[in-house]
Each structure stands twice: as C-alpha cells, then as structure tokens.
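Have a look at the structure below, then the notes.
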Amino acid sequence: MVVADRAGVTRVVVPDAGAVALGIHEGMTLAEARALCGAGRPLGVRQQSPESDRAALENLAIWADRFSPCVHLEGEDTLLLDLGGCQRLFPDEDALLRQIITGLGERGYTTRGAMADTPGGAWALAHAHPCERIVAPPGQVIAALAPLPAAALRIDEGTVATLAALGVQTIEALLHLPRASLASRLGGALVHRLDQALGDAPELLTPFRARPLLKSGVCIGRATDRHDVLREALERVLAAFCEQLDQRVAGVRQLFVVFEGPPELRQRPVTLEVNTSRATRSAEHLRRLLLALLDDLRLPFGAAGVRLWARHVEPLDGVQQELFGTGESRAGEVAELVDRLAARLGSAAVVRPRPASDHQPEQAYAYEPATEGGEKSADRIENVELRIENEKQGIRKREGVRGKRKVRSEKSEPRIENEAGRAHRPFSILDSQFSLPASDFVKRPLRLLRRPVAVPVVVVVPEGPPSRFEWEKVREVVVDALGPERVETGWWRGRHVRRDYFRVLCASGRRCWLFRERETGGWYVHGWFD
Amino acid sequence: MPQASTGGEIARRQRLERLRAMLERHRGGGGGGPQRFVPTGVAGLDAVLPRGGLPGGAVTEVLSAFDGVGAMTLAFRAAMAAAEGTRAVVVVDTRGDLYPPAVWRLGVAVDGLIVVRVRRPAAVVWVVDQALRCSGVGAVVAPIDRLDEAASRRLQLAAESCDGLGLLIRPAARRGRSFAAVQMCVEPVGVELSGGESTGLNGRYAGSGNALIQGGRPGLGVFPVRLCRVTLLKVREGMPAGPFLISLDDETGVGALLSVSGDRPAEGGGSVARRVSA
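The listed protein sequences correspond, in order, to chains V and H.
With my numbering applied, the first sequence corresponds to residues 1 to 530, in that order.
With my numbering applied, the second sequence corresponds to residues 531 to 808, in that order.
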C-alpha cells in the first residue's frame with residue numbers, strides 16, 4: 001500500500017488488492033486504514049516516491065523503444081508512442097496493442113491502452129473508455145471520442161467543473177456548442193485540446209531520450225574465470241571509464257559491473273553494484289572497491305566480456321590534494337573507508353547509530369547504513385538487461401509517414417522500488433547536526449544484551465533489588481544497588497513495557513543492569529556496565 | 531618528577547633521549563607526523579605510562595577478566611581522547627551488544643561513531659586493519675577473542691601506517707605473546723561487606739554512595755564510583771607495572787589512581803578516601 005504525506009497528514013494513495021478487500025480506499029488517512037486493518041495484522045506501507053515513479057516510467061519508455069522510435073512521457077503515468085510509419089512492421093494494430101499490454105503486464109504493470117489517429121484522442125480513449133484495450137479505426141476518431149466525458153481531453157478541473165455546471169457531460173455535447181463562443185467563455189486551452197484530439201491542430205511529441213550512459217567495456221578472447229585475467233580486464237575497463245569521467249569533470253556514486261558469458265551460451269550476465277557514499281572519480285578508490293568485489297566473486301560461467309556502466313553522474317570539481325590531511329580530506333578518507341567496508345561486508349554491516357527519542361532502552365537508538373549511495377533497486381539491475389537486449393536488437397528502420405497512429409498506455413499500479421523516505425546527509429563529523437552534550441544521555445550500560453535474559457534471583461525486599469542472582473552458572477551476591485528506575489512505555493507498539501531497573505554492584509566487582517518485569521514479576525539481566 | 535640535577539644527571543638524560551630517538555627511527559613507525567600519545571583519562575595512570583599516555587599509531591590490548599569490569603569504559607575513554615572531537619571512532623561489534631547511547635554519554639561525538647557489525651574473526655581482523663590505515667579514524671575499538679601472532683603483527687603494522695589508536699578488548703585468559711605496544715589487564719575489585727556479612731543488603735538499597743558498609747564509613751567502590759585493578763603487562767619503552775587501583779566516577783567522569791600497590795588505601799587514608807566519597 002502506498003501512502004504519501006499531504007499537508008501533514010499521511011494518506012493512502014494506492015491501496016493494493018488486499019487493502020481494497022478490507023475496505024481501504026484512496027484518500028483515507030493512514031490511521032483509519034490501520035484501524036480497518038485491525039490489530040495484529042501487519043500493514044505494509046510504502047512512502048510514495050515521485051522520483052522512483054518517474055525513473056520506473058523512464059525504464060518503461062526505454063523498453064517501449066522496440067515498438068516506436070518516438071516515445072513520449074505524458075504526466076506521471078502515461079506513455080505516448082508514435083507509430084506513424086510502423087505499419088509495415090506491425091500490420092495488425094490490435095495484435096500490437098495486445099503485445100504491448102502483455103509485455104507491460106509481464107513487468108508487473110496493469111495497463112490500459114488505446115490506439116487512435118491523434119495523441120489527444122488516444123489519451124482520451126485510454127483514460128476514459130470503459131474497455132482496457134481499444135483501437136479506434138483510422139478516420140473515425142470523432143465517433144470514438146463522442147461518448148467520453150469531457151475531462152478526458154486533458155483540461156484542468158476548473159474547466160471541467162464549469163462544463164458540468166453547464167450540463168455538458170460528453171465530448172459530443174461539447175462539439176455541439178458553437179465554436180466561436182467556446183474560446184471566449186471557457187478559455188482557449190479547451191479549444192486547443194479539442195482541436196488536438198480531433199486532429200485539427202498539431203501536437204508535438206518529444207521523444208524520450210535516456211540520459212547517455214557512461215560505459216566502457218572490454219572483450220576477453222576466451223571465456224575464463226581466472227581471477228588474474230578478470231582483474232586485468234577490470235583494470236583496463238576502469239581506466240577507460242575514469243578517463244571518460246575526467247573528460248566530463250564528473251563523478252559517480254553508483255556503478256555497475258557486468259560480467260558476460262560467451263554469446264553462444266546465452267547466459268544471463270552477472271551484474272554487481274557498487275555504491276559510494278560520495279561522488280568520486282578517483283581511480284584508486286574505485287579500483288580498491290572493485291577488486292574487493294572481485295575477491296568474493298564466484299561466476300557460474302567463464303566470463304567473455306567485462307563491462308562497467310553508470311547511470312547518474314554528478315559534476316565534481318577536482319580536489320586539490322593537501323599535504324597533511326586535515327578536515328575535509330579526512331572526512332573523505334572516512335567515506336572511502338566506509339565504502340570499502342560496505343562493499344565487502346554489505347551495507348547493513350556498516351552503520352551509524354542515531355539517537356531516537358524513546359524511553360525504552362533498546363529503542364533509544366537506531367542504526368542507519370553509513371553509505372548513502374544510489375538506490376538499490378531491482379529496477380536498476382533489470383535496466384542492465386534491458387540495455388543489453390536493446391543493443392542486440394540493433395537499429396530498426398522506419399520508412400514513410402502515413403498518417404499518425406498513436407498508442408497510449410497507462411500504468412495503474414506503480415511498482416515500488418525502494419523506500420526513499422529518509423534523507424541522507426553527507427558524512428561529516430565537523431559540523432555535527434547532533435551536537436548533544438554527553439550529560440543529555442542517562443547513565444546506561446555499555447553493553448546491552450539484545451534480548452534480556454531471565455535469571456533466577458533471590459529477593460529479600462519486595463519491590464527491591466535482588467540480593468543474589470545467578471548468571472552463567474556463577475552466583476553473584478549483590479552488595480549495592482541503585483534504583484528502581486521505572487520505565488513504562490511502548491503501549492502504542494502493542495506490547496506494554498513496564499520495568500523496574502536496578503544498577504547492581506556484585507561482590508565480585510561486576511556491575512550489572514537488572515530489571516523486574518512488573519507484570520510477570522520475572523527478573524532479567526539486560527546489560528553490563530563494562 | 532623533580533630530581534637533583536647535576537651535570538652528570540643532565541648528560542645522562544640527554545644520552546637517554548638520543549638513544550630513544552635512535553630506537554624510534556630504527557623502528558620506523560609513525561604516519562608522517564610526530565607520534566602522539568593519548569591520555570587514558572585517568573590522571574595517575576597517565577603518569578605511569580611512558581610519555582603520558584597510550585601510544586597512537588599502535589595497538590593497545592585491554593584484557594578483561596569478565597564482563598562488567600570496566601575494560602570497555604577505559605577503552606572508550608581512550609578512544610574519545612584519541613578522536614579529539616574531529617576524527618571518527620570505529621567500533622567493531624562482534625557480539626551484537628554494543629549500546630550507542632552509553633558510548634555517547636562517555637563523550638564520544640554522536641556523529642563520529644561508526645559501528646561495524648561482523649562476527650567472523652577473519653573479517654574482524656580485516657575491518658580493524660582497514661580502519662587503522664585510514665587517517666580520518668582516530669581510534670578503533672574491537673572486542674576480539676582469538677588473535678594469532680600473524681594477525682597481531684598485521685594489526686600493529688596497520689596501526690603504524692597512521693596514527694590511529696587501536697584498542698583490542700580481549701579476555702584475560704588469552705594473555706600471552708602479542709605484538710601490541712601496550713597490554714593492560716583490567717581486573718575487578720571485590721567489594722567487602724562490613725562485619726564479614728555476605729548475605730546482601732539488609733534493606734538499604736536506595737544507596738548513593740552512603741551505604742554503610744565498611745565500619746560506618748562510606749565504602750569504596752560503591753556507586754557512583756567504580757574500582758578496578760589495572761596491571762600493565764607490557765609497555766613498549768617501559769617496564770611492566772602494576773597492579774594499580776583505579777577509581778572511575780560515573781557521574782563526573784573523573785578517573786583517579788588510588789594506590790600504586792593495588793591494595794586498598796588504608797582506613798582513614800585522608801585525602802584519597804575523601805575524594806572518593808564526595
């Protein structure tokens with residue numbers, strides 16, 4: 001289920017099938033949705049991310065390139081394909097539309113498609129026609145558009161409301177109105193859209209061109225999985241890649257390494273992703289990251305080609321190297337260290353803790369991945385294969401322009417790639433946003449067990465600390481205790497936590513943090529003041 | 531320490547300094563800058579360590595008898611001093627039980643803490659190696675159980691390439707040959723009860739240091755002051771020393787050396803006891 005924050009309130013944008021079955025609809029607030037879902041049932045919630053929606057749409061546009069040389073992105077969820085001149089390749093229009101819709105369905109999108117003489121007409125048919133797939137026969141666009149509501153002409157809501165007030169519901173009724181007065185009463189935009197839909201006014205479609213990829217590749221003569229050969233190939237590829245970066249004075253934060261098998265085996269190439277926390281074009285740094293990846297690489301086939309490509313490049317000026325590292329270059333070094341560690345161990349292993357405002361001790365902090373590289377999305381990996389396929393198909397010839405036939409498809413359930421909810425800050429310990437003084441933190445043990453461990457105790461005073469307890473088969477005698485510190489919290493998380501904590505000094509000199517669970521009366525060891 | 535300075539004494543000291551400088555050059559350590567020495571935060575202990583602190587650009591092993599003794603507190607205090615507020619502190623969390631809010635309370639900058647969660651010993655050694663070679667890292671704190679000689683040497687070499695402080699926390703049972711520059715063993719100090727009682731609290735538990743335990747006087751080692759016994763098993767450029775009795779005050783963060791012999795200061799031992807009971 002997708003939610004978005006609007007004016008401070010989180011509302012549901014797109015509920016999935018399960019949510020719809022529960023009665024959750026668009027526009028409902030999240031709190032209502034949770035209430036409908038019921039307690040105890042997990043509710044999957046994702047933040048709406050316009051950037052990743054746009055990126056997904058662009059990927060689809062690249063995919064749709066196989067049908068038409070001119071693919072235009074309209075709005076947030078619409079693709080307009082110009083099929084003029086493609087009749088020779090796709091003689092059967094209905095079959096073509098079906099193929100497009102099926103192809104998009106395989107990618108997980110629910111699509112509504114329409115084909116018509118004009119882009120406006122196709123848009124209107126796809127959005128407003130009750131059928132999911134409709135082909136308007138050539139020359140009969142007016143007849144096809146007639147029963148559709150006026151809002152399907154891509155006009156603004158104010159005009160739609162005015163038309164409704166006037167009693168004009170369908171395009172047919174709109175066509176009956178005198179043209180001359182339409183422009184003056186309802187605005188020229190409406191007339192323009194009408195003309196575009198009917199084919200009387202031209203509409204320009206700008207084809208979508210994916211941003212040029214930065215890539216370099218090398219072919220290995222004979223398929224091999226020897227590390228030294230792969231390493232040599234990777235170094236050459238990297239050198240060419242970094243040269244391109246230097247020429248553009250740009251840096252990358254996300255890099256893909258593709259190992260391809262020999263073409264006759266038709267194997268899926270293996271793609272590795274490398275993220276860095278800062279844009280870099282330092283060949284040395286990238287080399288270390290890539291070689292670290294290579295160490296752990298196990299290829300199922302011998303590699304016949306190695307390719308390196310990147311999607312996003314950022315302008316990056318040259319940085320003057322200082323002789324004695326201070327400040328900025330130190331922060332850069334730490335960022336590189338984090339990248340190296342994360343490349344080898346995974347980005348979940350290298351984290352930075354952040355304080356969280358919570359009384360429950362184990363919730364008083366949260367770990368954030370220390371790298372903040374590009375989005376780790378399956379879509380990116382898929383795009384690699386997309387590119388390879390497209391290149392293999394070669395260039396298709398388009399001849400002649402005989403009328404314009406448009407195909408338009410709409411994506412209704414956006415596939416969510418990643419949660420882009422958190423803002424990542426660049427790593428810097430120089431200007432710390434969290435400049436909390438040490439005294440703000442309550443005295444807590446340095447080592448907190450992940451789960452409190454139940455221990456047998458002997459308690460002399462009810463409501464007081466234990467006088468003896470046993471830890472790992474060692475009997476500890478308690479000499480002094482500080483407490484109780486009562487923590488009652490977490491009822492909104494479903495599990496109410498009511499604990500009395502004691503800082504306990506044992507006769508052996510150890511200091512322990514124990515608590516008594518007030519509801520059950522059980523005693524637990526939670527941490528050690530090491 | 532002030533000494534009677536005669537001509538002979540001065541010449542001897544100068545000769546010692548020259549020899550020391552020669553030894554350093556031969557060893558070839560340091561990452562391009564003067565070697566720094568990081569104070570541990572315990573005033574008396576720093577006085578005992580050569581040059582007033584733990585050597586930067588080297589590995590210090592803190593051997594801890596068992597949990598809850600105070601080894602990690604000492605390690606983090608040294609790490610905080612090494613970080614100087616501008617450099618990062620990398621902590622390797624092998625057991626999954628590090629509690630960052632407590633680290634922040636010790637004074638480590640909130641933004642300067644990086645936690646690496648790994649378990650495999652080989653990976654831990656690699657992480658410490660990489661972190662020590664990074665000039666932006668002030669200190670690396672890592673609990674390590676087993677460390678063979680090759681790995682120990684590797685870490686020491688990595689530390690020498692830069693001037694970060696490596697702090698390895700290991701179980702005391704593993705003391706043995708090591709390439710660390712300083713090896714420090716932290717042991718707990720048992721707390722005695724007055725009158726030979728060993729049955730517990732007798733109903734006084736809201737103690738704040740006033741628990742009448744030792745014959746009517748505020749006892750040592752009760753909250754908020756903690757005691758531990760530190761022995762310097764190995765010190766580069768120095769002699770093994772100890773055991774020292776150290777007190778760390780949780781509330782004020784002040785650490786003090788209580789006695790050089792490791793025993794408790796005598797009853798009525800004037801200023802020492804009073805400092806502790808404040």
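Don't be surprised by glycine CBs; every beta carbon is placed ideally from N, CA and C.
In its own chain, which residues sit with a C-beta less than 6 Å from the C-beta of residue i, not counting the 5 before and 5 after it?
i      : result
V:R510 : none
H:I644 : A618, V620
V:R352 : E368, A370
V:D195 : A201
Leaving out five residues on either side along the sequence, give the residues of the same chain with a beta carbon under 8 Å from the beta carbon of residue i.
i      : result
V:K215 : F241, R307, L308, W309, A310
H:G666 : R617, A618
V:L60  : L79, L104, R107, Y109, K411
Just checking my contact of residue i with residue j at CB under 8 Å: how many whole Å lie between their CB atoms?
i      : j      : result
H:V655 : H:L685 : 7 Å
V:G483 : V:R498 : That belief does not hold up - the Cβ atoms of V:G483 and V:R498 are roughly 14 Å apart, past 8 Å.
V:Q267 : V:F301 : 5 Å
V:P207 : V:H72  : 6 Å
V:V274 : V:L293 : 7 Å
Just how far apart, CA to CA, sit residue i and residue j?
i      : j      : result
V:E470 : V:P456 : 6 Å
V:E368 : V:R11  : 26 Å
V:L245 : V:R344 : 24 Å
V:G18  : V:A31  : 17 Å
V:L205 : V:A4   : 31 Å
H:C758 : H:V716 : 7 Å
V:V218 : V:T371 : 29 Å
V:D65  : V:T78  : 14 Å
V:E488 : V:Y524 : 16 Å
V:L125 : V:E362 : 56 Å
V:R287 : V:R231 : 10 Å
H:A741 : H:S682 : Confidence at H:A741 is low in this model, with a pLDDT of 35, below 50, so its placement is unreliable and the value that follows should be read with caution. If I take the Cα positions, the gap works out to 45 Å.
H:G768 : H:L579 : 8 Å
V:L505 : V:E485 : 15 Å
V:V191 : V:S184 : 10 Å
V:Q48  : H:D678 : 51 Å
H:G706 : H:P585 : 20 Å
H:V658 : V:Y365 : 24 Å
V:R447 : H:L628 : 5 Å
V:L572 : V:L299 : With chain V running from 1 to 530 in the structure shown, residue 572 of chain V is simply not present.
V:T224 : H:L575 : 59 Å
V:A342 : V:P263 : 33 Å
H:Q565 : V:H227 : 40 Å
V:A180 : V:A173 : 15 Å
In chain order, what residues of the same chain have a beta carbon less than 7 Å from the beta carbon of residue i, not counting five sequence neighbours either side?
i      : result
H:A611 : V568, P569, G571
V:L22  : L36, C37
H:P773 : R759, V760, T761, G792
V:R193 : G120, L153, R154, I155
Which of the three DSSP states, helix, strand or coil, is assigned to residue i?
i      : result
V:V13  : strand
V:R415 : The predicted model places V:R415 with a pLDDT of 31, which falls under 50 and marks its position as unreliable, so this point remains unresolved.
H:D659 : helix
V:D92  : coil
V:L43  : coil
H:M769 : coil
H:I540 : helix
H:V640 : helix
H:D810 : Lying outside 531 to 808, the shown extent of chain H, residue 810 of chain H is not represented and no answer is given.
H:M610 : helix
H:T603 : helix
H:W634 : helix
V:N86  : Note on identity: in this sequence residue 86 of chain V is Cys, with Asn being the wrong assignment. Coil, per DSSP.
V:P69  : coil
V:A303 : strand
V:A454 : strand
V:L448 : strand
V:A420 : Low confidence applies to V:A420: its pLDDT is 33, below 50, so where it sits in the model is not reliable, and the reading given next is rough at best. V:A420: coil per DSSP, three-state reduction.
V:G464 : coil
Flag this pair as touching only if the segment 583-599 of chain H and the segment 632-648 of chain H have three or more C-beta atom pairs under 8 Å; answer yes or no. no
Check whether the segment 276-283 of chain V and the segment 251-264 of chain V are in contact - that is, three or more C-beta pairs closer than 8 Å. yes
Below 8 Å, how does it come out for the segment 516-523 of chain V and the segment 595-605 of chain H: are there three or more Cβ pairs, yes or no? no
Answer yes if the segment 692-701 of chain H comes into contact with the segment 669-677 of chain H, meaning at least three C-beta pairs across the two stretches below 8 Å, and no otherwise. yes
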